[in-house]
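Enquirer: My questions will all concern the structure given below.
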Amino acid sequence: MVSTMSAYISNTVADPQVISLLRGGEVGIIPTDTVYGLVCRADMPAAVDLLYRAKVRDRKPGTIIASSPEQIIALGVESRLVRAVEHLWPNPISVILPCSSDMEYIHQGVMSLPFRIPHLTDELSELLQAVGPLLTTSANWPDHPTANTLAEAQAYYGDKIALYVDGGDRSGSLPSTIVRIVDGSVEVLRQGAVRVDEKTGRLLDSAN
1 MVSTMSAYIS NTVADPQVIS LLRGGEVGII PTDTVYGLVC RADMPAAVDL LYRAKVRDRK
61 PGTIIASSPE QIIALGVESR LVRAVEHLWP NPISVILPCS SDMEYIHQGV MSLPFRIPHL
121 TDELSELLQA VGPLLTTSAN WPDHPTANTL AEAQAYYGDK IALYVDGGDR SGSLPSTIVR
181 IVDGSVEVLR QGAVRVDEKT GRLLDSAN
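Residue numbering for the sequence shown follows the numbering used here, starting at 1 and increasing by one per position.
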């Protein structure tokens, strides 16, 4: 673990310094369960604002990754909505759920957000348990390729963010599948790392 360009660099998301920086409201890039992601605490408006400003996007909402349904409910999503879709997790599947106005600092007025509970490595589980749910968005600039390596991520963000975690080359990694529930049926918005049958909503084999 070294510090360079004033940004902290580690090779594990369970690094105590990584956890401390994210808990303190900093923004960083880490390997998620799918691709490299720009992340921050989802329950801290100031951190979310930093992430959206770093992303240089029109404040398009990101995705929330959590360690459990309870973490999602604690953010303010209705319990009945979370319980209705929790059978889809843990998986690289992001489910769009309605959100309250209390979460406008994240959803930017859209009134919904994608939520995901990934398959948790010990390290990612430790991070999410210590920091709480994370807001994440792809590690790139708008209309540019997603960073597949630490070097590519640094080329985008340099010292504009506080930390990087090197997860190796993520070339070939697929983004999450995105679905939403409409009248009790699963509507597939994007097929990704896990395929979902568009007629039945059943999970199919991994798309990898």
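Glycine included, C-beta positions come from ideal geometry on N, C-alpha and C. The structure presented is a predicted model; accordingly, all values stated were derived computationally and were not measured.
From the DSSP output, which residues share a beta bridge with Tyr157?
Expert: Start at 1 with the first residue of the sequence shown, and residue 157 comes out as number 157. Its beta-bridge partners do not exist; DSSP assigns none.
Enquirer: When you compare the stretch 176 to 194 with the stretch 87 to 107, are there three or more beta-carbon pairs, one atom per stretch, that lie closer than 8 Å?
Expert: Enough Cβ pairs lie closer than 8 Å, so yes.
Enquirer: How many Å lie between Ala7 and Asp183 at the Cα?
Expert: Locating residue 7 in the sequence shown gives position 7, where the first residue counts as 1. Locating residue 183 in the sequence shown gives position 183, where the first residue counts as 1. Roughly 46 Å separates the two Cα atoms.
Enquirer: Mapping DSSP to helix, strand and coil, what is Leu51?
Expert: The residue labelled residue 51 in the question sits at position 51 within the sequence shown. DSSP places Leu51 in helix when its eight states are reduced to three.
Enquirer: Taking 8 Å as the limit between beta carbons, can you name the residues of its chain near Ile64, skipping five residues before and five after?
Expert: As a position in the sequence shown, residue 64 is number 64, starting the count at 1. Excluding residues within five positions, the ones whose Cβ falls inside 8 Å are Ala42, Ile72, Leu75, Ile106, Leu113, Pro114, Phe115, Arg116, Pro133, Leu134, Leu135, Thr136.
Enquirer: Pull up the DSSP beta-bridge partners for Pro69, would you.
Expert: As a working mapping, residue 69 is identified with position 69 in the sequence shown. According to DSSP, which records beta bridges pairwise, Pro69 is partnered with nothing at all.
Enquirer: Nearest CA to the CA of Ser26: which residue from Pro175, Ser173, Ser171, Leu163?
Expert: Against the sequence shown, residue 26 aligns to sequence position 26. Per the sequence shown, residue 26 should be read as Glu rather than Ser. Out of Pro175, Ser173, Ser171, Leu163, Leu163 has the C-alpha closest to the C-alpha of Glu26.
Enquirer: Using CA atoms only, rank isn't needed, just tell me which of Ser68, Gln108, Leu51 is closest to Cys40.
Expert: The residue given as residue 40 occupies position 40 in the sequence shown. Ranking Ser68, Gln108, Leu51 by Cα distance to Cys40 puts Leu51 first.
Enquirer: Quick one, which of Pro145, Asp102, Ile161 has its alpha-carbon nearest Asp172's?
Expert: As a working note, residue 172 is residue 172 in the sequence shown. It is worth fixing the name first, because residue 172 is Gly in this sequence and not Asp. Checking every option, the nearest Cα to that of Gly172 belongs to Pro145.
Enquirer: How about Val131 and Ile9: are their beta carbons less than 9 Å apart?
Expert: Along the sequence shown, read from residue 1 onward, the residue named residue 131 stands at position 131. Along the sequence shown, read from residue 1 onward, the residue named residue 9 stands at position 9. Taking 9 Å as the Cβ cut-off, Val131 and Ile9 do not qualify as a contacting pair.
Enquirer: Indicate whether at least one CB of chain B lies closer than 9 Å to the CB of Ile65.
Expert: Among the protein chains of the structure shown there is no chain B, as only one such chain exists.
Enquirer: Can Leu127 and Pro118 be called in contact, C-beta distance under 9 Å?
Expert: Mapped onto the sequence shown, residue 127 falls at position 127. Mapped onto the sequence shown, residue 118 falls at position 118. Taking 9 Å as the cut-off, the Cβ atoms of Leu127 and Pro118 do not count as close.
Enquirer: Where do the N-terminal and C-terminal ends of the beta strand (DSSP E) with Arg170 fall, by residue?
Expert: Here residue 170 is taken as the residue at index 170 of the sequence shown, counted from 1. Neither: Arg170 is in no beta strand (DSSP E) and is coded neither H nor E.
Enquirer: Taking the continuous beta strand (DSSP E) assigned at Val85, which residues delimit it?
Expert: Mapped onto the sequence shown, residue 85 falls at position 85. In the DSSP assignment, Val85 falls outside any beta strand (DSSP E) and within the unbroken alpha helix (DSSP H) covering 79 to 85.
Enquirer: Would you give the residue range spanned by the alpha helix (DSSP H) that Leu21 belongs to?
Expert: Mapped onto the sequence shown, residue 21 falls at position 21. Its alpha helix (DSSP H) spans residues 16 to 23.
Enquirer: DSSP state of Ser100, grouped into three classes?
Expert: In the sequence shown, counting from the first residue as 1, residue 100 sits at position 100. Coil at Ser100, not helix or strand.
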